[in-house]
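*Asks:* This is the structure, below, for whatever I ask next.
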Amino acid sequence: MVSYEVRMTHSAERELNALPKPIVPVLWERIKALASEPKSKRSKKLKGAEKAYRLRIRDYRVIYTVDDEERLVIVTAVRHRKESYRG
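Residue 122 in the numbering used here sits at position 34 of the sequence shown, and the numbers go up by one each step.
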């Protein structure tokens, strides 16, 4: 199985680093795991977006896109669930 490259937007990095310190390592591990399985059973495809998915991790959501041709995962947001689907 060929792995994907995982990248984060600058805004997603800022959001991740602004979260409570105890949750950050948990989120990082799950984000890194997207390289081997970006469309896992734990992920859900988002409606209205062709390549967008979300990953639930406790009360947080990781929003990302998957480009199968380029073998690339781009994390676009890391937010608390109450904030995750706002612009």
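All C-beta atoms, glycine included, are put in the ideal place defined by N, C-alpha and C. Bear in mind that the values here come from a model prediction, so they are computed numbers and not experimental data.
Out of GLU171, ARG169, THR153, which has the shortest C-alpha to C-alpha gap to VAL94?
*Replies:* THR153
*Asks:* Measuring CB atoms only, is the segment 96-116 touching the segment 142-159, in the sense that at least three cross pairs come out at less than 8 Å?
*Replies:* yes
*Asks:* For the candidate residues ASP156, LYS135, PRO113, whose alpha-carbon lies nearest to that of ALA34?
*Replies:* The chain is shown only over 89 to 175; residue 34 falls outside these bounds and no answer can be derived.
*Asks:* With H, G and I counted as helix, E and B as strand and the rest as coil, what does DSSP make of LYS139?
*Replies:* coil
*Asks:* Pick out whichever of ALA137, ARG142, THR164, ARG146 has its Cα sitting closest to the Cα of VAL114.
*Replies:* The alpha carbon of VAL114 has as its nearest neighbour, out of ALA137, ARG142, THR164, ARG146, the alpha carbon of ARG146.
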